[in-house]
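**Q** Quick note: the sequence shown uses UniProt numbering, first residue 1, plus one each step. Don't be surprised by glycine CBs; every beta carbon is placed ideally from N, CA and C.
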Amino acid sequence: MNARTGGAFDQKLAAVLRRYPESSLRIQHLYVSDETFRELCSDLAAAERAIKTVENLPDPIRSERRAEFAEMANYLASEIEGAISRQSAVSFRR
Numbered sequence: 001m002n003a004r005t006g007g008a009f010d011q012k013l014a015a016v017l018r019r020y021p022e023s024s025l026r027i028q029h030l031y032v033s034d035e036t037f038r039e040l041c042s043d044l045a046a047a048e049r050a051i052k053t054v055e056n057l058p059d060p061i062r063s064e065r066r067a068e069f070a071e072m073a074n075y076l077a078s079e080i081e082g083a084i085s086r087q088s089a090v091s092f093r094r
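1) Which of the three DSSP states, helix, strand or coil, is assigned to P58?
2) Which same chain residues end up closer than 8 Å to T79 when comparing Cβ atoms and leaving out the 5 residues on each side of it in sequence?
3) Between which two residues does the alpha helix (DSSP H) carrying D43 extend?
4) For L13 and T36, what's the separation of their Cα atoms in angstroms?
5) Out of V32, L44, Q28, S23, which has the shortest C-alpha to C-alpha gap to Y74?
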């Protein structure tokens, strides 16, 4: 990693690596080279943080917010998975 990414243990990158450890090298390559991918990683990390902090909300809205943030995290994870797959396909064509 370089100074631009903040190191291998950057929280944004770590959120994705936890979900897709088998794709570590592709993820790191995308993170360094693709701004849109970095934004997806950032959004996923934010959604995961929100899921953790929702436990502090009052009961009436806690489960609703938890479901919203979980849905957001799952959507972002599927977008990230698609980007990883596309990067893999490009790598094999070379």
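**A** Reading it off the structure:
1) coil
2) In the sequence on display, residue 79 carries Glu and not Thr. Taken in chain order, the residues that qualify are L40.
3) 35–53
4) 13 Å
5) Before going on, a small fix: residue 74 reads as Asn here, not Tyr. It is L44.
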